[in-house]
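Under the numbering used here, the first residue of the sequence shown is numbered 9, with each subsequent residue one higher.
Beneath this line is the structure, given in structure tokens, with notes to follow.
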Amino acid sequence: MAEPEQPPNRVQQEGSPCASGASPAKPGRPIIVQKYGGSSVADVDRIGQVAERVVAAKRAGNDVVVVVSAMGKTTDGLLALARQAASAGAAADPPRRELDMLLSTGERVSMALLSIAIQARGFEAISFTGSQSGILTNDRHFDARIIEVRPFRIEDELARGRIVIVAGYQGMSYRREITTLGRGGSDTTAVALAAALGAERCEIYSDVDGVYSADPRVVPDARHLPELDCAVLQEMAECGAKVVCAQAVEWARRSGVALTARSTFDAGPGARETVVRRFAPGSASSTLSARAIVAEGNVVLARAHGGLRLDELLRAAGELGLGFRDLSFGHGGGAFVLPLLNVPDWQGARRRLAALLPSIELVEGLSAVSVVGDGLTATAEPLARFVEVLGRAGIASRLTVAGPLRLGALVDAADAAPAQRLLHASFVEA
Ligand code: ADP
Ligand code: ASP
Ligand code: MG
């Protein structure tokens, strides 16, 4: 296990990326942070291809820091093992602390293999865990937020001319416990490190050549978006577009790190990419428009009927550590949405929620489908069209929400794919 770093002596407000923004770029060679996702490091051959790309960036005169995800579907496999081990008990949910100990090992395997592959090519490299890299988080296991980055060991190794490989998705809390950053969290590691190191840019490599107007696996006519502003991408990521994780975009927006999304294995000259900017040119002046359709599976609709007070509800959510969105509350009751991606202990949480708030009704097995864009509530037309498209296809929405950046509907999981295709045809293709 890594030698733990000292706890931070200056802790920023929990959950908020460096308020002061990116560190000023250090004099000397430009620093590039590259992040490779699970499909990019799925086997030793692919790790070899990644090593070639990394040494090419080094040869081009950069200092290179590489953040890696676990190989392929390793994290899902480890999670399944934990569930199996927990299934004998009454609680049936594995404890979050032990999940973090387990899941953080996935990234340690790929970091070491990539370092070995780079050294085999004649370059000096060294791998570090999240805690060795100085990634300090709050103590919310499984879904921790980075509160500070102290990348001193990385800076020392770069100064020695080495390529530094960092295990993504993990850090250490101020209690010196290993934490993980929520699913897809290696992106966050990369952007937070880029900010702390004053890197010239952060390149996110995956199996797609950038961000599309919908998940290309679901919507074959999805369009490539060469440029996007942080606010729209953050809204897309918050609502299920997993191409870049939401917390990473939040760091990029606040710190000003230049972010690009590219494909690992289709990255020659002329290859497409998406450049994510704080303010994409034209975004302020552009007319009201839908940019993308996104969907998130595994969400729960919670409905509270009259009699439940909002403060009681918030106290229960706080006690259970549940994040929620789209809350609306009034005299007759209220509703909100619980995304379960980062709730590994939902079985226990559901029981405790029902005990704390007996009048609450939970509807499971739903997906949230959203149109993301600008000015979507400036007139009634976009929402009217949204309702009409779903209604015409006989797709029932259990909760419809509308805001300037997003129109959303909660639909049965089986309706999510057709809903995305129909909304894309109407809002993006038309
Ligand atoms: P990695 O493992 O490299 O982090 P992810 O699987 O997390 O990669 O993210 C890439 C996947 O995101 C793609 O394979 C694609 O199916 C999915 N995706 C969802 N929405 C979008 C979108 N709007 N644009 C591009 N890809 C998307
Ligand atoms: N391996 C982690 C996950 O599968 C983190 C990541 O891939 O970014 O969620
Ligand atoms: Mg990802």
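Positions of the beta carbon are idealized from the N, C-alpha and C atoms, including for glycine.
Could you tell me whether the Cβ atoms of residue i and residue j are closer together than 8 Å?
i, j, result
"Glu258", "Arg270", "no"
"Val397", "Leu431", "yes"
"Ser214", "Val251", "yes"
"Val307", "Leu370", "no"
"Arg414", "Ser378", "yes"
"Asp423", "Gly373", "no"
"Ala410", "Thr387", "no"
"Val76", "Ser118", "yes"
"Ala300", "Ser221", "yes"
"Gly114", "Thr83", "yes"
"Ala120", "Ser135", "yes"
"Ala324", "Leu364", "yes"
"Lys126", "Val62", "The sequence shown places Ile at residue 126, rather than the Lys named in the question. Yes."
"Asp71", "Arg116", "no"
Rounded to whole angstroms, how far is the Cβ of residue i from the Cβ of residue j, which I believe are closer than 8 Å?
i, j, result
"Leu201", "Val174", "7 Å"
"Val253", "Gly193", "Looking at the sequence provided, one finds Cys at residue 253 rather than Val. Contact holds; Cβ gap of about 6 Å."
"Leu122", "Pro159", "At roughly 18 Å, the Cβ-Cβ gap does not stay under 8 Å, so Leu122 and Pro159 are not in contact."
"Gln355", "Ala78", "So it is not a contact: roughly 24 Å between Cβ atoms."
"Ala376", "Cys247", "6 Å"
"Asp217", "Asp147", "Not a contact, Cβ separation roughly 37 Å."
"Val172", "Val73", "5 Å"
"Val227", "Arg429", "5 Å"
"Ile154", "Thr196", "6 Å"
"Leu241", "Val302", "Not really, about 10 Å apart at Cβ, beyond 8 Å."
With distance defined between alpha-carbon atoms, name the residue in the options nearest to residue i.
i, options, result
"Ser367", "Gly85, Val74, Gly315, Ala59", "Gly315"
"Leu328", "Ala256, Arg360, Leu335", "Arg360"
"Arg105", "Ile162, Gly179, Glu163", "Gly179"
"Ala65", "Val216, Lys43, Asp147, Gly305", "Lys43"
"Arg191", "His432, Glu243, Cys210, Leu107", "Leu107"
"Ile212", "Ala256, Ala249, Tyr220, Glu185", "Ala256"
"Glu60", "Phe131, Ala362, Phe394, Asp71", "Phe131"
"Ala401", "Met244, Asp147, Ile162, Ala427", "Ala427"
"Glu208", "Cys247, Thr268, Leu407", "Thr268"
"Arg67", "Gly169, Ala98, Arg54", "Gly169"
"Gly305", "Arg184, Phe150, Ala249", "Ala249"
"Thr408", "Ser95, Ala357, Ser336", "Ser336"
"Glu156", "Ile134, Tyr182, Ala94, His149", "Tyr182"
"Asp151", "Pro390, Leu365, Asp353", "Asp353"
"Ile186", "Val49, Thr137, Leu318", "Thr137"
Could you name the residues that DSSP lists as bridge partners for residue i?
i, result
"Gln178", "Thr188"
"Leu309", "Val345, Val371"
"Thr408", "Ala417"
"Phe337", "Gly342"
"His232", "Tyr220"
"Lys66", "Per DSSP, none; premise fails for Lys66."
"Asp382", "Ser297"
"Ala376", "Glu304, Leu418"
"Arg57", "The question names Arg, but residue 57 is Gln in the sequence shown. Bridge partners of Gln57: none, in fact."
Does any residue of chain C have a CB that is nearer than 8 Å to the CB of residue i?
i, result
"Arg262", "Judged by its chain identifiers, the structure shown contains no chain C, having just a single protein chain."
For the alpha helix (DSSP H) containing residue i, list its first residue and its last residue.
i, result
"Glu132", "Note, Glu132: premise wrong, no alpha helix (DSSP H); not H, not E."
"Arg429", "424 to 432"
"Val75", "That residue, Val75, is in no alpha helix (DSSP H); its beta strand (DSSP E) goes 71 to 76."
"Arg183", "Run containing Arg183: none; DSSP gives neither H nor E here."
"Cys210", "Taken as a continuous stretch (DSSP letters only), Cys210 belongs to no alpha helix (DSSP H), being part of the beta strand (DSSP E) at 209 to 214."
Between which two residues does the beta strand (DSSP E) carrying residue i extend?
i, result
"Ser271", "267 to 271"
"Val157", "154 to 157"
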